[in-house]
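Residue numbers (the numbering used here): 1357 to 1556.
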């Protein structure tokens, strides 16, 4: 599946086709769902925010499965005011809101965390999913375009469901392993490596 730089229709086809054999379905959010998600994307949960929260509507999904409650995955981009000298005063950061109900909302910062701390987020290029453990929510695969003071790169991010905490966690170890292979230019590349357990 190569969804990089494809249109909405093709992106929808890619995701539904790849998940047809799994115990979940993913579809793009409707305009009404986007509007509701904008309200639920609470800036208070976001560290150092210095500007409006911008939803990436082309990559926002509803995920449903027989073994878990429906959830919305809403990628966002926002300006982050950072006083650290290593980073520009205002950087664009990226993250994901995971909304399961009005009261159960989780925010995970992606570009701007861990080894991606020094990167500025340009955009979320593509999204993919792999079946989760024991019928749980799927593994979420994200491919970002990000830049540091020295270069612009494709940066993979993997989010895994944690049954103990009943929420998603950023799998920094797996994400970094994928990044260091030098072969990750699409979601399909990430899936291939994950399924072959090159990164685990």
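Heads up, the beta-carbon is just placed ideally off N, CA and C, and yes, glycines get one too.
Query raised in the report: residue 1382 bridges to which residues according to DSSP?
Result: As a working note, residue 1382 is residue 26 in the chain shown. 1419.
Query raised in the report: Where do the ends of the beta strand (DSSP E) carrying residue 1482 lie?
Result: Looking up residue 1482 in the chain shown gives position 126. Segment 1476-1486, the beta strand (DSSP E) holding residue 1482.
Query raised in the report: Below 7 Å between beta carbons: does that hold for residue 1532 and residue 1471?
Result: Position 176 of the chain shown, counted from the start, is the residue given in the question as residue 1532. Position 115 of the chain shown, counted from the start, is the residue given in the question as residue 1471. Contact flag set, yes.
Query raised in the report: How big is the Cα-Cα spacing for residue 1530 and residue 1403?
Result: Position 174 of the chain shown holds residue 1530. Position 47 of the chain shown holds residue 1403. Roughly 24 Å separates the two Cα atoms.
Query raised in the report: Are three or more beta carbon pairs between the segment 1379-1392 and the segment 1482-1497 nearer than 8 Å?
Result: yes
Query raised in the report: Quick check: the segment 1459-1467 against the segment 1521-1530, are there 3 or more CB pairs under 8 Å?
Result: yes
Requested in this report: Have a look at 1453, 1447, 1449, 1514 and flag the residue whose alpha-carbon is nearest the alpha-carbon of residue 1394.
Outcome: Along the chain shown, read from residue 1 onward, the residue named residue 1394 stands at position 38. Nearest C-alpha to residue 1394: 1453.
Report task. Throw me the rounded Cβ distance for the residue 1435 and residue 1397 pair, which I believe falls under 8 Å. Result -> Locating residue 1435 in the chain shown gives position 79, counting from the first residue. Locating residue 1397 in the chain shown gives position 41, counting from the first residue. Their Cβ separation, rounded to whole angstroms, is 15 Å, which puts residue 1435 and residue 1397 out of contact at 8 Å.
Query - 7 Å Cβ cutoff met for residue 1562 and residue 1498 - result: In the structure as shown, the chain starts at 1357 and stops at 1556, and residue 1562 therefore has no counterpart that could be examined.
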